[in-house]
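J.: Below is one structure. I have some questions about it.
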Amino acid sequence: MSVAAIQRVELDTGFWADRIRINRERTIPHGLDQLRDAGNLDNLRLAAGAAGEYRAPDSLPFLDSDVYKWLEAVGWELARKPDHDLASAADDVIGLIAAAQRPDGYLNSYVQVVGGGVPYRDLSWGHELYCLGHLIQAAVAWHRALGDDRLLTIAIRAAGHVPDGIIDGHPNIEMALVELGRVTGDRRHLTMALRMLDLRGRGTLAGAARFGAAYWQDHELVRDARSVAGHAVRQLYLDCGAVDVAVELGDDRLLAAVRHRWDDMVRTRTYLTGGLGSRHRDEAFGDPYELPPDRAYAETCAAIAGVMLAWRLLLATGDACYADAIERTMFNGVLPGISLDGTRFFYTNPLQRRTRRAPGGTEQRRPWYPCACCPPNLMRMLSSWPRYLATYDDSGVQLHQYASADITSGPVRLRVHTGYPWDGRVTVHFVETPAKPWTLSLRVPRWCRSATLTGPDGTHAVGAGVTKRHRRWQPGDVVELNLEMPARITEPDPRIDAVRGCVAVERGPLVYCIESADAPRRTEIEELTWDPGGALTPVPRPDVAESVVGVDVPMTGGLTAGAIPYLAWANRGEGGMRVWIPYEPVIRAAARWSRGRSAAA
1 MSVAAIQRVE
11 LDTGFWADRI
21 RINRERTIPH
31 GLDQLRDAGN
41 LDNLRLAAGA
51 AGEYRAPDSL
61 PFLDSDVYKW
71 LEAVGWELAR
81 KPDHDLASAA
91 DDVIGLIAAA
101 QRPDGYLNSY
111 VQVVGGGVPY
121 RDLSWGHELY
131 CLGHLIQAAV
141 AWHRALGDDR
151 LLTIAIRAAG
161 HVPDGIIDGH
171 PNIEMALVEL
181 GRVTGDRRHL
191 TMALRMLDLR
201 GRGTLAGAAR
211 FGAAYWQDHE
221 LVRDARSVAG
231 HAVRQLYLDC
241 GAVDVAVELG
251 DDRLLAAVRH
261 RWDDMVRTRT
271 YLTGGLGSRH
281 RDEAFGDPYE
291 LPPDRAYAET
301 CAAIAGVMLA
311 WRLLLATGDA
321 CYADAIERTM
331 FNGVLPGISL
341 DGTRFFYTNP
351 LQRRTRRAPG
361 GTEQRRPWYP
371 CACCPPNLMR
381 MLSSWPRYLA
391 TYDDSGVQLH
401 QYASADITSG
411 PVRLRVHTGY
421 PWDGRVTVHF
431 VETPAKPWTL
441 SLRVPRWCRS
451 ATLTGPDGTH
461 AVGAGVTKRH
471 RRWQPGDVVE
481 LNLEMPARIT
491 EPDPRIDAVR
501 GCVAVERGPL
511 VYCIESADAP
521 RRTEIEELTW
531 DPGGALTPVP
541 RPDVAESVVG
551 VDVPMTGGLT
561 AGAIPYLAWA
571 NRGEGGMRVW
581 IPYEPVIRAA
591 ARWSRGRSAA
601 A
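Here full-length UniProt numbering is used: the sequence shown runs in plain steps of one and ends on residue 601.
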């Protein structure tokens, strides 16, 4: 039996439970209001035959996908806890989608209302199969979470309309088709996904003159490409589909190709936060080590896609490095995309914002965007997050992410208590367990330099990776993992020119930043340089949010600046922010070099 996600994971207290509660109570209702105000739902009404004018800012053709992502989030939430108002609103939206679908199964409001009703004329930019992919993913969520197949019926008919031999400029349909095949048992969907993967890389998508074929990952065959390229989200969604197909078919070569691209991406093109994509022009990966902090694109959707891909690779291989990547990216790449109150969003996530900057910038979170792919993507990611915490196989249960939770897998029921990510103690209580021996596996993150595991067989030091305990467990047994998490200094790879001579502060799984609100009085953050002779001091920061732990960072000149988790930045005004802090000896050397050149000139 292969590794599989544990579906029954209930979060009730702690960090992640709070984030999911805010998503449910504030973000998802806010999203419905925005979908109504922006016209996404009205556009579907037009496709169903209502009168009116289609609303598509900047002629964006993919607004249906935002509705589907919102529905996917609702499906997971209703499975967790019934809610009459939310269920009623979702029923209305599902009815609207059913009414908009054509008798032949085709469904895309933009094509039906604006595009003359002729499908698949603009595969490069039309996003028709991308939208269908999100419809399928929502349908699968409702099927798995609620046993409700209304959306699944719509999705199957829509998928049946897709002709053979086409690909979409924005991947997503590939992984969706694999999931559709899994829940229906119809292997035609898997065959179509494989066909789409094999067609990509042959230069068939039009518009190469604008950004080049690599923008669409259409420059090399999926099995041959050695590095990520082009639009970051498209690349990551494509590789998600490739992993799904590889697992279903046992295609080791295809899986190896994705793993090679992943390794190259993590080594050369990933921000400290787990953010992905450094170029604004084409929302793309840059060259190796091209990772400017102030110009980082690091789209929220790309971080979410990175988590989705890492999860698939974790299931396929069991390698803990992918769980480490999920942790880093969720805390530092995904969560910064949403405000602490759950109603404002970032599309891009820079690692630096200057105190004095040109007016008219877009560095503040917004309640919505004309291209609103990120907000509903955040909603569905947070709603489905409990499914990423643990897995099971024939050997036992594996805990990958730490949160206070009740976890049930067959005859095993575990209760996890933790103050993570503020505290490194993780306590696992065995509530129910079979009589036969089985293995409990716990991840020790690579950032952790010292950890111990205490259980029925005593206390032992454990190293980074996966620590396993195999025994005949008894109800009432307790295992406690203690991860030391002192604040630490991180130096960048010297090949990253933009931050050479800087350091960053981390504690546990969290990346920290300094905002203007926490700079010493009458000092701008651009004037601060790190003093290596001082100590990093963790301190409570209830002024930021409940339970938050900040870090006081020593600066030259006897100054101290307060660093807060990067996930919490931009909630206290419009001042400056930086993750990477200059290192004083490097600053002095640069100043001497500058003075010498001026004198020589």
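Glycine is no exception: its CB is placed at the ideal position from the N, C-alpha and C atoms.
Taking the alpha-carbon of Tyr271 as reference, which of Arg259, Gly286, Val258, Val140 has the nearest alpha-carbon?
T.: Here residue 271 corresponds to residue number 271 of the sequence shown, with the count starting at 1. Here the closest residue by C-alpha is Gly286.
J.: Among Ser516, Glu491, Pro520, Val114, whose alpha-carbon lies nearest the alpha-carbon of Glu506?
T.: To locate residue 506, count along the sequence shown from 1; it is residue 506. Checking every option, the nearest Cα to that of Glu506 belongs to Glu491.
J.: For His417, which option in His470, Ser339, Tyr402, Thr391 has the closest C-alpha, if you only look at C-alpha atoms?
T.: Along the sequence shown, one-based indexing puts residue 417 at 417. His417 has its Cα closest to that of Tyr402, out of His470, Ser339, Tyr402, Thr391.
J.: Roughly how many angstroms separate the alpha carbons of Val178 and Leu378, rounded to a whole number?
T.: For the purposes of this step, residue 178 is identified with residue 178 of the sequence shown, where counting begins at 1. For the purposes of this step, residue 378 is identified with residue 378 of the sequence shown, where counting begins at 1. Their Cα atoms are separated by approximately 22 Å.
J.: Distance check for Trp262 and Gly458, CA to CA, integer angstroms please.
T.: Locating residue 458 in the sequence shown gives position 458, where the first residue counts as 1. Locating residue 262 in the sequence shown gives position 262, where the first residue counts as 1. The alpha-carbon atoms of Gly458 and Trp262 are separated by roughly 38 Å.
J.: Could you say if the stretch 533 to 553 and the stretch 459 to 468 meet the contact criterion of at least three C-beta pairs nearer than 8 Å?
T.: At 8 Å Cβ cutoff, the stretches do not touch.
J.: Of all the options Phe211, Val266, Asp198, which has the alpha carbon lying nearest to the alpha carbon of Leu238?
T.: As a working mapping, residue 238 is identified with position 238 in the sequence shown. Measuring from the Cα of Leu238, the nearest candidate turns out to be Asp198.
J.: Considering only residues of the same chain and omitting the five flanking positions on each side of Asp66, which have a CB-CB separation below 6 Å?
T.: The residue given as residue 66 occupies position 66 in the sequence shown. Once the five neighbours on either side are set aside, the close Cβ partners of Asp66 are Asn40, Ala372, Pro376.
J.: Taking the beta carbon of Ser384 as the centre, do at least 16 other beta carbons fall within 10 Å, making it buried, or is it exposed?
T.: Locating residue 384 in the sequence shown gives position 384, where the first residue counts as 1. Buried, since its Cβ has 16 or more Cβ neighbours within 10 Å.
J.: Which residues in the same chain as Leu152 place their Cβ atom closer than 6 Å to its Cβ, once the five residues preceding and following it in sequence are excluded?
T.: The residue you call residue 152 lines up with position 152 of the sequence shown. For Leu152, where only same-chain residues beyond five positions count, the Cβ hits under 6 Å are Ala139, His143.
J.: Just how far apart, CA to CA, sit Leu129 and Leu32?
T.: By 1-based counting over the sequence shown, the position of residue 129 is 129. By 1-based counting over the sequence shown, the position of residue 32 is 32. Between Leu129 and Leu32, the C-alpha separation is close to 23 Å.
J.: Mapping DSSP to helix, strand and coil, what is Leu442?
T.: Here residue 442 corresponds to residue number 442 of the sequence shown, with the count starting at 1. In the structure shown, Leu442 sits in a strand (DSSP, three-state: E or B).
J.: In or out: Thr300 buried (at least 16 other Cβ within 10 Å) or exposed?
T.: Indexing the sequence shown from 1 puts residue 300 at position 300. Thr300 is buried by the Cβ-count criterion.
J.: Would you mind sorting Gly424 into buried or exposed? The rule is 16 or more other CB atoms within 10 Å of its CB.
T.: Mapped onto the sequence shown, residue 424 falls at position 424. Looking at its Cβ environment, which holds 16 or more other Cβ atoms inside 10 Å, Gly424 is buried.
J.: Rounded to a whole number of angstroms, what is the C-alpha to C-alpha distance between Arg597 and Val233?
T.: Numbered from 1 along the sequence shown, position 597 holds the residue referred to as residue 597. Numbered from 1 along the sequence shown, position 233 holds the residue referred to as residue 233. In this predicted model, Arg597 has a pLDDT of only 44, less than 50, meaning its place in the structure is not dependable; the value taken from the coordinates is given anyway. Going by the C-alpha atoms only, they are around 44 Å apart.
J.: Can you give me the Cβ contacts of Ser109 inside the same chain, cut-off strictly under 7 Å, excluding the 5 residues immediately before and after it?
T.: Position 109 of the sequence shown, counted from the start, is the residue given in the question as residue 109. Asn43, Leu44, Leu46, Ala47, Asp64, Ala100, listed in sequence order.
J.: Taking Glu72 as part of the beta strand (DSSP E), name the residues at either end of that continuous run.
T.: Translated into the one-based positions of the sequence shown, residue 72 becomes position 72. Taken as a continuous stretch (DSSP letters only), Glu72 belongs to no beta strand (DSSP E), being part of the alpha helix (DSSP H) at 64 to 80.
J.: Does Arg495 get closer than 8 Å to chain C when you measure Cβ to Cβ?
T.: Going by chain labels, chain C is absent from the structure shown, which holds only one protein chain.
J.: Going by beta carbon distance, what residues of the same chain come within less than 7 Å of Trp16, once the five residues before and after it are set aside?
T.: Taking the sequence shown and counting its residues from 1, one reaches residue 16 at position 16. These residues qualify, in order along the chain: Trp385, Ala403.
J.: Should the stretch 22 to 38 be regarded as contacting the stretch 405 to 421, the criterion being three or more beta carbon pairs within less than 8 Å?
T.: Contact between the stretch 22 to 38 and the stretch 405 to 421 is absent, because fewer than three Cβ pairs lie under 8 Å.
J.: Does DSSP classify Glu179 as helix, strand or coil?
T.: What you label residue 179 is simply residue 179 of the sequence shown in a count that begins at 1. Three-state DSSP puts Glu179 in a helix.
J.: Pull up the distance between the alpha-carbon of Thr560 and that of Thr529, whole angstroms please.
T.: Stepping through the sequence shown from its first residue, residue 560 is reached at position 560. Stepping through the sequence shown from its first residue, residue 529 is reached at position 529. Distance between the alpha carbons of Thr560 and Thr529: 10 Å.
J.: Does the distance from the C-beta atom of Leu11 to that of Asn332 stay below 8 Å?
T.: Here residue 11 is taken as the residue at index 11 of the sequence shown, counted from 1. Here residue 332 is taken as the residue at index 332 of the sequence shown, counted from 1. No.
J.: Quick one: what's got a C-beta closer than 8 Å to residue 603's C-beta in the same chain, skipping five residues either side?
T.: A query on residue 603 cannot be resolved here, the shown segment of the chain reaching from 1 to 601 and no further.
J.: Identify every residue that forms a DSSP beta bridge with Met577.
T.: Taking the first residue of the sequence shown as position 1, residue 577 is located at position 577. DSSP lists Arg353, Glu515 as partners of Met577.
J.: Do Glu432 and Pro456 have their C-beta atoms within less than 8 Å of each other?
T.: For this step, residue 432 is matched to residue 432 along the sequence shown. For this step, residue 456 is matched to residue 456 along the sequence shown. Cβ distance not < 8 Å, so Glu432 and Pro456 don't count as in contact.
J.: Looking at Arg202 and the ligand NAP, is the gap between the Cβ and the nearest heavy atom below 7 Å?
T.: Among the components modelled here there is no ligand, and therefore nothing to report on the ligand NAP.
J.: Output needed for Leu35: all residues of its chain with C-beta closer than 7 Å, excluding positions within five of it in sequence on either side, in chain order.
T.: Numbered from its first residue, the sequence shown carries residue 35 at position 35. These residues qualify, in order along the chain: Leu41, Asp66, Val67, Trp70.
J.: Roughly how many whole angstroms lie between the Cα atoms of Tyr392 and Ala320?
T.: Position 392 of the sequence shown, counted from the start, is the residue given in the question as residue 392. Position 320 of the sequence shown, counted from the start, is the residue given in the question as residue 320. Near 14 Å, if we compare the C-alpha coordinates of Ala320 and Tyr392.
J.: Can you give the beta carbon distance from Ala73 to Arg380, rounded, assuming they're within the 8 Å contact cut?
T.: To locate residue 73, count along the sequence shown from 1; it is residue 73. To locate residue 380, count along the sequence shown from 1; it is residue 380. With a Cβ gap of about 4 Å, Ala73 and Arg380 count as contacting.
J.: According to DSSP, Glu480 sits in a beta bridge with which residue or residues?
T.: Along the sequence shown, one-based indexing puts residue 480 at 480. Paired residues: Thr427, Thr454.
J.: Expressed to the nearest angstrom, what Euclidean distance is found between the alpha-carbon atoms of Gln398 and Gly14?
T.: Numbered from its first residue, the sequence shown carries residue 398 at position 398. Numbered from its first residue, the sequence shown carries residue 14 at position 14. Their backbone Cα atoms lie some 20 Å apart in a straight line.
J.: At the level of alpha carbons, what is the spacing between Gln7 and Pro520?
T.: Here residue 7 corresponds to residue number 7 of the sequence shown, with the count starting at 1. Here residue 520 corresponds to residue number 520 of the sequence shown, with the count starting at 1. Cα to Cα, Gln7 sits roughly 48 Å from Pro520.
J.: Reducing DSSP to helix, strand and coil, say where Ser227 ends up.
T.: Your numbering for residue 227 matches position 227 in the sequence shown. Residue state, collapsed to three classes: coil.
J.: Given that a residue counts as buried once 16 or more other Cβ atoms are within 10 Å of its Cβ, and exposed if not, what is Pro370?
T.: For the purposes of this step, residue 370 is identified with residue 370 of the sequence shown, where counting begins at 1. The residue is exposed, with fewer than 16 neighbouring Cβ atoms inside 10 Å.
J.: Starting from Gln398, trace the beta strand (DSSP E) in both directions and tell me its first and last residue.
T.: Numbered from its first residue, the sequence shown carries residue 398 at position 398. Note, Gln398: beta strand (DSSP E), 396 to 399.
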